[in-house]
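Chains as they are written, first to last, in the working numbering: chain A, 1 to 341; chain B, 1001 to 1341.
Beta carbons: idealized from backbone N, C-alpha and C, even for Gly.
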DNA sequence: GACGTTCGTCGAAGCGCTTCGACCTGGTCG
DNA sequence: CGACCAGGTCGAAGCGCTTCGACGAACGTC
């Protein structure tokens, strides 16, 4: 007595009057099959509602058609972007006929090792990589190919994708310099993010500072803690010490709203008195009032690229080590020329 | 020549000087094995770094040790909660020695069917269930067990877990009534959420209205669109038409911040002039200023419960159809007695 | 018209694991 | 003291799939 669920390739073969191997070849396209046989098989597949058994397939073909998406358990401020990433990864992976196994970092290296060694996944996508990431060395001697989203300090031998944050910092300054601003502040991620050594924060700051220098703009940079009250306090302090600042670059999704809301209460209108540029996802930027000029983190595109790269590695195609997506600046209503002195 | 990666159970057996089946029994504990043999096998497992091949295991045992987590692709504003859920699901699943396959709804029912039929997962966890959810009927005639997070209109034959939103609505009103408020407004999710028939919004409103009635409190309810500007407009309009409202219940994470920020600019101090209770995740509530009295959505606990239920169903243990987690109200700084008339 | 070629199909051999029945011990019991 | 039993262990038979080599048949080619 057969169990009622799980239609096997043998069932399809019988129904179509061919050999099991023929069904397999029809489905994989790895050998020529006549038009007529193919159609007969496909018809049987459809009428029986056949779906290949993933385990059996993985066992025989040594490919699971699954990739791992490794997220840090401690998702800090940037939850929405991470989510957007994750969804985009799933969608992209599906377009390559792969599924996504969600893994958290809290099992540590052992978790990664388990996933890889059990042949559960063919490749690994690592998100939110930190400058000095404990998972990274492991990745190097794992047999499975991997792609990182973000850059560790030492990226040799690894494939990494990210927004070009260095360039993003530059772009913000250039926009503001062009408008005539001469003194600009960078309000960054919470201090913890810098301390943790997360790459993007440092790279943005470097680009920011470098471009400012080049354009004769003087700068102030400071991290911005979480929480509306803290943001307010930070702003007060900043404007108190540096009253001549006429533009802010904010790289902290959670802070963008509060910053825009607080400035008017401090007697600074946006953009008449002070301009604001944000580095944050588009959905955020479009929801503020006034709508904020921003350099979006193109989560979907980064995800797509990362998956595409991983697929190429699975095929053993050569891939570039570093892929930097160029930032685009979208001008909205929060930036204007500085007020006359 | 053997491929260097992938140590098999045969390797372990040889190394330990026992039969393959013995290794299997040591690992699964399904038959008595002498202490001495067990230790010898476990030692070999460790020194060789053996991890069972997931596909082979799934094929032979008919259990993949993987559950599917199905997320809606279109995640609205409540991204952070969803994320929190997802992470908690992974953690819980791991504690049962299961992994999590991330699936989006955008493939539609076909996607679910594929996942289930390919024996890729043993069970399914469906998030963000809507009152009239197209995926739900399918679930009923799938062979795999499933658990829903949220309630569809017709939940017969299904296992559902959620916060008791009806009770949450009541709890908010009761708190406010006790403080002496007589006229209370419910500011809900964006209109689209109601139209979509998402259960929690309706259930909260029902509980809210019912409790208000019972306590002799009159109510106004209205959805709240996304965006700071829209929130402001909505508040202006509300206070204009109903100037006697002294308390607000906000069920819209994205709106809590803006509401609290906007009220003072409309000449209403919180909590002296108007009290605010939010139904939102704790991290949100703790970040507002003033810190808002709230009924948190216990994402982690819901996730844990859902996974636990699914595991019981996998073991074919009987489980309750509906699991409602009781809300707790955390009093913070945004609620007080209403001002004298 | 005998000989390659290609094209399409089949059968069988695994992939690495679980699990079932069988088979050995040594005790225990009547 | 032989029969019985429980505790340990083994060998072999699959699980459902892919893939390799083999094999007919239909087609030129000299």
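Asked                                                                                                                       : Found
Buried or exposed (CB count within 10 angstroms, at least 16 for buried), residue 63/A                                      : exposed
Residue 144/A in three-state terms, based on DSSP                                                                           : coil
Candidates 94/A, 132/A, 220/A and 254/A: closest to residue 358/A by CA position                                            : Not covered by the structure: residue 358/A. The range shown for chain A is 1 to 341.
For residue 1210/B, the three-state DSSP class (helix, strand or coil)                                                      : helix
Distance, residue 216/A Cα to residue 1300/B Cα                                                                             : 50 Å
CB contact check: residue 1101/B to chain A, cutoff 7 Å                                                                     : yes
Beta-bridge partners of residue 56/A, as assigned by DSSP                                                                   : Partner(s): none; residue 56/A has no beta bridge.
Interfacial residues, the stretch 1248-1281 of chain B to chain A, with Cβ spacing under 9 Å                                : 1254, 1257, 1258, 1260, 1261, 1262, 1264 and 1265
7 Å Cβ cutoff met for residue 1254/B and residue 1226/B                                                                     : yes
Residue 1316/B classed as buried or exposed, judged by whether at least 16 other C-beta atoms fall within 10 angstroms      : exposed
Assigned exposure category for residue 293/A - 16 Cβ within 10 Å defines buried                                             : buried
Nearest-angstrom Cα separation, counted from residue 145/A out to residue 6/A                                               : 32 Å
Any chain A beta carbon closer than 7 Å to residue 1123/B                                                                   : no
Of the listed residues 278/A, 114/A and 99/A, nearest to residue 189/A (C-alpha basis)                                      : 278/A
Burial state of residue 1096/B, where buried means 16 or more other Cβ atoms lie within 10 Å                                : exposed
Residues, ordered as in the chain, of the stretch 10-26 of chain A that lie near chain B by beta-carbon distance below 8 Å  : none
Extent of the continuous beta strand (DSSP E) to which residue 1248/B belongs                                               : 1247-1250
N-terminal and C-terminal residue of the alpha helix (DSSP H) that residue 1183/B is part of                                : Looking at the DSSP string, residue 1183/B is not in any alpha helix (DSSP H); the run it does join, the beta strand (DSSP E), is 1183-1188.
Nearest-angstrom Cα separation, counted from residue 1110/B out to residue 152/A                                            : 39 Å
Residue from 1229/B, 1230/B and 1207/B with nearest C-alpha to residue 1221/B                                               : 1207/B
Contact the stretch 243-254 of chain A vs the stretch 302-310 of chain A: 3+ CB pairs below 8 Å                             : no
Closer than 9 Å at the beta carbon, the chain B residues around residue 127/A                                               : Simply none; closest approach about 12 Å.
Among 48/A, 34/A, 25/A and 155/A, the one whose alpha carbon lies nearest that of residue 12/A                              : 48/A
Three or more C-beta pairs below 8 Å linking the stretch 147-165 of chain A and the stretch 123-131 of chain A              : yes
Nonlocal neighbours in the same chain, by C-beta distance under 6 Å from residue 1026/B, ignoring five residues either side : 1033, 1038 and 1041
Neighbour flag for residue 233/A against chain B, beta carbons, 7 Å                                                         : no
Close-in-space but distant-in-sequence residues of the same chain around residue 339/A (CB under 8 Å, 5 per side omitted)   : 246, 272 and 273
Distance between residue 58/A and residue 250/A (C-alpha atoms, nearest Å)                                                  : 47 Å
Opening and closing residue of the alpha helix (DSSP H) in which residue 1036/B lies                                        : 1035-1048
Unbroken stretches of the beta strand (DSSP E), 3 residues or longer, contained in the stretch 1090-1127 of chain B         : 1099-1104 and 1123-1126
Chain-ordered neighbours of residue 104/A on chain B, where CB pairs are closer than 7 Å                                    : 1087, 1090 and 1091
Cβ-based burial, residue 1170/B [other Cβ within 10 Å; buried from 16]                                                      : buried
Inter-residue Cα distance where the pair is residue 1259/B and residue 314/A                                                : 49 Å
is_contact[residue 177/A, chain B] using C-beta, thresh 7 Å                                                                 : no
Completely contained beta strand (DSSP E) runs for the stretch 149-184 of chain A, where each covers 3 or more residues     : 160-163
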